[in-house]
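Quick note on the UniProt record's numbering: the sequence shown kicks off at 2 and runs consecutively.
Glycine included, each C-beta is placed from N, C-alpha and C at the ideal position.
What you are looking at is a predicted structure, and each value in this text was computed from that prediction instead of being measured.
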Amino acid sequence: SQRTLVLLKPDAVRRGLVGEIIGRIERKAGWTLAALELRELDQETLELHYGEHKGKPFYEPLMGFMSSGPVVALVVEGERVIEGVRQLAGPTDPIAAAPGSIRGDFGTIVRENLIHASDSEESALRELKIFFPGLV
Ligand code: GTP
Ligand code: MG
């Protein structure tokens, strides 16, 4: 099975959507939580995590947003979780995301799109090392 890194972004925590979102993930057959923590992200962690976007126009606002409050970091384990959590989340732009997806149900703003999930096996391994170095 696979492991993926999920972040419930500061908007999800502020709006009290942590239980709702984790509930959707937890209810998928055979998926389990391997780690779960509320934490504030420092600049170094954020730069490592979102380094691929450095220089893009949305990068600085994204950094500001992601450090505007605590996030919930979790590791989800199970059958095809990497693709699966991305499907539950929906596309980056919440207005383009279908109702029924997390972003489609709760989001409107591209930056404040509630959830991060690793987008490939390679990203998952890289991100798991950043957020939960003891686990891998
Ligand atoms: P993550 O799971 O957070 O990585 O989202 P993603 O994989 O769906 O999108 P991507 O990695 O391309 O972008 C990372 C984050 O930057 C997004 O989730 C948005 O919060 C933000 N972002 C991406 N593209 C844009 C954009 O065009 N405008 C703005 N304002 N924010 C963007
Ligand atoms: Mg991404």
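What did DSSP end up calling Pro95 once you bin it into helix, strand or coil?
Here residue 95 corresponds to residue number 94 of the sequence shown, with the count starting at 1. Pro95: coil per DSSP, three-state reduction.
Buried or exposed by the 16-neighbour rule on C-beta atoms within 10 Å, applied to Glu128
Residue 128 sits at position 127 when you count from the first residue of the sequence shown. Around the C-beta of Glu128, 16 or more other C-beta atoms lie within 10 Å, and the residue is accordingly described as buried.
Looking at the unbroken alpha helix (DSSP H) that takes in Arg87, where does it start and where does it end?
On the sequence shown, residue 87 is found 86 positions in, with the first residue counted as 1. Looking at the DSSP string, the run of the alpha helix (DSSP H) that includes Arg87 is Val82 to Ala90.
In chain order, what residues of the same chain have a beta carbon less than 6 Å from the beta carbon of Glu38, not counting five sequence neighbours either side?
Translated into positions along the sequence shown, residue 38 becomes position 37. Same-chain partners within the cutoff: Ala74.
Across which residues does DSSP place His117 in a beta bridge pair?
Counting from 1 along the sequence shown, the entry for residue 117 is found at position 116. DSSP output for His117 lists Leu8 as bridge partner(s).
Looking at the strands, I want to know which residues DSSP matches up with Leu47.
By 1-based counting over the sequence shown, the position of residue 47 is 46. BP columns for Leu47 are empty, so no partner.
Presumed contact (8 Å Cβ cut-off) between Leu89 and Ile26, rounded CB distance:
What you label residue 89 is simply residue 88 of the sequence shown in a count that begins at 1. What you label residue 26 is simply residue 25 of the sequence shown in a count that begins at 1. Here Leu89 really is in contact with Ile26; their C-beta atoms are around 7 Å apart, less than 8 Å.
Alpha-carbon spacing of Thr93 relative to Arg28, whole angstroms:
Here residue 93 is taken as the residue at index 92 of the sequence shown, counted from 1. Here residue 28 is taken as the residue at index 27 of the sequence shown, counted from 1. If you take the alpha carbons of Thr93 and Arg28, they lie about 23 Å apart.
Under 6 Å from any heavy atom of the ligand GTP, does the C-beta of Leu63 make it?
For the purposes of this step, residue 63 is identified with residue 62 of the sequence shown, where counting begins at 1. Yes, Cβ of Leu63 sits closer than 6 Å to a heavy atom of the ligand GTP.
Tell me whether Asp12 is buried or exposed, calling it buried when 16 or more other Cβ atoms sit within 10 Å of its Cβ.
Numbered from 1 along the sequence shown, position 11 holds the residue referred to as residue 12. Its Cβ being crowded by 16 or more others within 10 Å, Asp12 is buried.
What would DSSP say about Val72, mapped onto helix, strand or coil?
As a first step, residue 72 must be located in the sequence shown, where it is residue number 71. The three-state secondary structure of Val72, taken from DSSP, is strand.
Among the residues of its own chain, which have a CB less than 6 Å from the CB of His117, if the five just before and after it don't count?
Numbered from 1 along the sequence shown, position 116 holds the residue referred to as residue 117. Counting only Cβ-Cβ distances below 6 Å, and skipping sequence neighbours, we find Leu8.
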